[in-house]
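Heads up, the thing below is written out as structure tokens.
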Amino acid sequence: MRRRLLAALGLVGLAGVLALLGLLRPWATYNPIKLNTMFAEDQRVAHFRAMEALMPYRVIDAADQPFRFEQAPAAIVDEYVYAGETRRLDDFLTRVDATGLLVIQDDRIVHEQYRLGASETTRHTSWSVAKSFVATLVAVALHEGRITSLDDPMGRYAPSLIGSVYEGVPIRHVLEMSSGIDFDETYNSRRSDIQMLFVKLFALRQRLADVLHDYDRAQPSGRHFHYASIETQALGQLLSELYDQPLSALLEDKLWQPLGMAGQAYWNTDRMGEQGMELAFCCLNAQLRDYAKLGRLYLQQGQWQGRALLPDGWVPMATTPPRQDMQPGQSDYSYGPRGYGLHWWIPADAQREYFAAGVWGQYIYVSEPDRLIIVRSSVDPAYRANMDESIVVFRAIRDGLRAAATAD
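This note's numbering numbers the first residue of the sequence shown as 329 and each following residue consecutively.
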């Protein structure tokens with residue numbers, strides 16, 4: 329009897345070990361063991377510039393005819409005022425673990441610096457800055473007539489979404505992060521939906537297209553702003569089905585080539601090979617100067633070198649809060665007093681300013697009156713606490729350039 333019991337336990341133990349090995353796949357290039365080190369204090373700087381080592385990816389080739397900003401180095405402010413005290417820009421960049429800062433005005437690079445081992449050719453991960461690229465691809469599809477109206481339901485263009493929360497939701501509501509989906513975006517909870525999304529993809533090996541069917545509706549669409557990364561994933565799924573090609577290929581064809589992106593980039597996916605799907609809500613990896621070109625496209629109101637890439641009126645529509653609950657300081661979203669448009673953020677008291685933003689401190693900031701683009705990459709664990717100060721810093725740089733122009 330005892331021998332039989334021990335034998336049974338041995339079999340259960342072996343099965344458990346085999347199941348664990350199958351789950352974690354320590355022999356594989358990509359597995360949850362490596363992914364779990366992404367935010368480790370001694371590794372995150374290196375990981376954020378080499379995400380291809382942690383997750384599968386697709387390559388986005390550099391443009392055949394690169395667009396290059398002119399070089400016109402100029403002094404920018406070295407001090408600013410925040411919370412009633414004067415602070416130093418260099419100290420702030422150190423405190424937020426900035427890896428790069430790029431300031432472009434009138435198509436000229438007036439300031440560029442890289443830190444923590446980065447350089448001009450470093451590919452920095454974007455996190456949610458990628459969301460603004462996805463929204464821009466939706467605008468391209470609208471401009472090309474692939475999408476008839478933003479008020480059309482998602483399921484009309486993406487049959488895979490039929491049966492999900494998104495089936496009858498207008499595209500516009502998803503761009504506004506207002507589909508009504510029940511999705512928890514809490515980053516500091518290991519059981520939140522955004523955290524479990526990575527578990528589903530890289531530990532349980534679920535497909536992104538299938539995960540989109542895992543969520544219920546919390547409320548009717550179009551009524552309440554609720555930031556949820558799964559919204560952008562649904563838009564990525566729509567675009568991929570609409571054009572019948574991977575999101576990376578679509579980005580390369582519709583934006584990377586036309587905007588003259590000078591560097592090769594890549595987009596992380598849920599698995600390698602043809603069956604892989606891009607993580608549309610994050611994980612586009614590119615050089616800072618190329619991120620700046622998305623800002624330039626918006627600064628030019630969707631025009632690029634005399635060619636319209638986006639619909640007339642898209643830029644003001646995408647960068648203006650469409651409802652009261654999306655105005656700066658009016659939502660119950662916990663990221664401070666900033667408003668939201670169509671996958672772009674709007675600061676309080678904006679003067680035609682807006683920005684793309686990613687967790688850990690990535691930004692593309694645009695000030696239309698100043699013809700100004702500021703790109704910052706960072707690996708800041710306190711990015712939430714430093715968010716308001718980041719906007720103050722961008723505005724201080726803006727105001728300093730204004731003052732210098734007046735003095736001239």
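By construction, the Cβ of each residue, glycine as well, lies at the ideal position given by its N, Cα and C atoms.
- Item | Contact between the stretch 575-587 and the stretch 667-676 (3+ Cβ pairs under 8 Å) | Segments in contact, no.
May I have the straight-line CA-CA distance separating Phe511 from Glu504, to the nearest angstrom?
-> Position 183 of the sequence shown, counted from the first residue, corresponds to residue 511. Position 176 of the sequence shown, counted from the first residue, corresponds to residue 504. Roughly 15 Å separates the two Cα atoms.
Euclidean distance between Cα positions of Thr648 and Pro665: Working through the sequence shown from its first residue, we reach residue 648 at position 320. Working through the sequence shown from its first residue, we reach residue 665 at position 337. Looking at the two C-alpha atoms, the distance is approximately 15 Å.
query = Is the beta carbon of Leu540 less than 8 Å from the beta carbon of Tyr494?
reply = Counting from 1 along the sequence shown, the entry for residue 540 is found at position 212. Counting from 1 along the sequence shown, the entry for residue 494 is found at position 166. Between Leu540 and Tyr494, the gap from beta carbon to beta carbon is short of 8 Å.
query = Can you tell which of Ala546, Ala593, Pro487 has its C-alpha closest to the C-alpha of Ala566?
reply = As a working note, residue 566 is residue 238 in the sequence shown. The question names Ala, yet the displayed sequence has Leu at residue 566. Selection Ala546, Ala593, Pro487 evaluated against Leu566 yields Pro487 as nearest (Cα-Cα).
**Study point:** Where Thr597 falls, given that 16 or more other Cβ within 10 Å makes a residue buried
**Key:** Taking the sequence shown and counting its residues from 1, the one referred to as residue 597 is at position 269. The residue in question, Thr597, is buried, as its Cβ has 16 or more Cβ neighbours within 10 Å.
Determine the contact status of Gly428 and Leu616, defining contact as a CB-CB distance below 8 Å.
Counting from one through the sequence shown, the residue named residue 428 turns up at place 100. Counting from one through the sequence shown, the residue named residue 616 turns up at place 288. Yes; because the gap between Cβ atoms is below 8 Å, this pair is in contact.
Runs of beta strand (DSSP E) wholly within the stretch 646-718 (minimum 3 residues, chain order):
Segments of the beta strand (DSSP E) lying fully in the stretch 646-718: 666-668, 673-675, 681-686, 690-695, 700-706.
### Query
What does Gly428 pair with, by DSSP beta-bridge criteria?
Within the sequence shown, numbered from 1, the residue matching residue 428 stands at position 100. Note: Gly428 is bridge-paired with Tyr442, Ser705 in the DSSP secondary-structure output.
| query | Ile361: buried (16+ other C-beta within 10 angstroms of its C-beta) or exposed? | reply | By one-based count along the sequence shown, residue 361 stands at place 33. Counting the other Cβ atoms within 10 Å of the Cβ of Ile361 gives fewer than 16, which makes it exposed.
Tell me the DSSP secondary structure of Tyr619 in three-state form. Residue mapping note: residue 619 aligns to position 291 of the sequence shown, counting from 1. DSSP places Tyr619 in helix when its eight states are reduced to three.
Taking only three categories from DSSP, how would you classify Ala400?
Here residue 400 refers to the residue found at position 72 when the sequence shown is read from its first residue. Looking at Ala400 - three-state DSSP - the assignment turns out to be coil, as it is neither helix nor strand.
(Q) Do Cys610 and Ala368 have their beta-carbon atoms positioned less than 8 Å apart in this structure? (A) The residue given as residue 368 occupies position 40 in the sequence shown. The residue given as residue 610 occupies position 282 in the sequence shown. No.
Residue span of the alpha helix (DSSP H) that contains Arg423, given as start and end: For the purposes of this step, residue 423 is taken as residue 95 along the sequence shown, with counting starting at 1. For Arg423, the enclosing alpha helix (DSSP H) has its first and last residue at 417-423.
Item to complete: Please list, in chain order, all residues of the same chain as Leu363 whose beta carbon is under 8 Å from its beta carbon, the five residues on each side excluded.
Response: The residue you call residue 363 lines up with position 35 of the sequence shown. Cβ neighbours of Leu363 beyond the five flanking positions: Leu382, Met383, Phe526, Phe530.
inquiry  = Would the stretch 391-406 count as touching the stretch 459-475 if we require 3 or more Cβ pairs under 8 Å?
reply    = No contact exists between the stretch 391-406 and the stretch 459-475.
- Query: For the stretch 512-599, which segments carrying the alpha helix (DSSP H) assignment without a break, of at least 4 residues, lie completely within its bounds, in sequence order?
  - Reply: You should have 521-530, 536-539, 557-571, 575-579.
Identity of the residue in Ile499, Leu417, Glu398, Glu413 nearest Ile404 by Cα: Against the sequence shown, residue 404 aligns to sequence position 76. When only C-alpha atoms are compared, the closest one is Leu417.
Grab me the residues of Arg737's own chain with a C-beta within less than 6 Å of its C-beta, minus the 5 sequence neighbours each way, in chain order.
Residue 737 cannot be examined here, being either before or after the span of the chain that is shown, 329 to 736.
Review point. Is the stretch 546-555 touching the stretch 433-442, taking contact as three or more C-beta pairs under 8 Å?
Key: Here the stretch 546-555 makes no contact with the stretch 433-442; the two share fewer than three CB pairs at distances below 8 Å.
Using the C-alpha atoms, what's the distance from Glu717 back to Ala684? Numbered from 1 along the sequence shown, position 356 holds the residue referred to as residue 684. Numbered from 1 along the sequence shown, position 389 holds the residue referred to as residue 717. Rounded to whole angstroms, Ala684 to Glu717 spans 16 Å at the Cα level.
key: Met455 (DSSP reduced to helix, strand or coil)   = Counting from 1 along the sequence shown, the entry for residue 455 is found at position 127. According to the sequence displayed, residue 455 carries Trp and not Met. DSSP, read as helix, strand or coil, puts Trp455 in coil.
How many angstroms separate the CA atom of Leu627 from the CA atom of Arg423? The residue you call residue 627 lines up with position 299 of the sequence shown. The residue you call residue 423 lines up with position 95 of the sequence shown. CA-CA distance, Leu627 to Arg423, rounds to 30 Å.
- Can you list the beta strand (DSSP E) stretches of 3 or more residues lying completely in the stretch 366-402, in chain order? Assignment of beta strand (DSSP E) within the stretch 366-402, counting only whole runs of 3 or more residues, yields 385-388 in chain order.
If I follow the unbroken alpha helix (DSSP H) through Val502, where does it start and stop?
Mapped onto the sequence shown, residue 502 falls at position 174. Element bounds for Val502: 499-503.
Output needed for Ala713: all residues of its chain with C-beta closer than 7 Å, excluding positions within five of it in sequence on either side, in chain order. The residue labelled residue 713 in the question sits at position 385 within the sequence shown. So the list is empty, once near-sequence residues are dropped.
Worksheet item: Rounded to the nearest angstrom, how far is the Cβ of Tyr594 from that of Ile692, given a contact under 8 Å?
Response: Looking up residue 594 in the sequence shown gives position 266. Looking up residue 692 in the sequence shown gives position 364. The C-beta separation of Tyr594 from Ile692 comes to about 18 Å, leaving the pair out of contact by the 8 Å criterion.
Worksheet entry | Status (buried if at least 16 other CB within 10 Å, exposed otherwise) for Gln371 | Position 43 of the sequence shown, counted from the start, is the residue given in the question as residue 371. The residue in question, Gln371, is exposed, as its Cβ has fewer than 16 Cβ neighbours within 10 Å.
- Who does Thr414 pair with in a DSSP beta bridge? If you number the sequence shown from 1, residue 414 lands on position 86. BP columns for Thr414 point to Val409.
Next on the checklist: If you reduce the DSSP assignment to three classes, tell me which class Pro481 lands in.
Outcome noted: Position 153 of the sequence shown, counting from 1, holds the residue named residue 481. Correct three-state label for Pro481: strand.
Between His452 and Ala710, what straight-line distance do the alpha-carbon atoms span, to the nearest angstrom? Within the sequence shown, residue 452 is the residue found at index 124, counting from 1. Within the sequence shown, residue 710 is the residue found at index 382, counting from 1. Using only the alpha carbons, I get a separation of about 18 Å.
(Q) I'd like the span of the beta strand (DSSP E) that includes Leu612, first residue to last. (A) Counting from one through the sequence shown, the residue named residue 612 turns up at place 284. Per DSSP, Leu612 is one residue of the beta strand (DSSP E) stretching across 612-614.
Alpha carbon to alpha carbon, how far is Val431 from Ile719? Translated into the one-based positions of the sequence shown, residue 431 becomes position 103. Translated into the one-based positions of the sequence shown, residue 719 becomes position 391. Cα to Cα, Val431 sits roughly 14 Å from Ile719.
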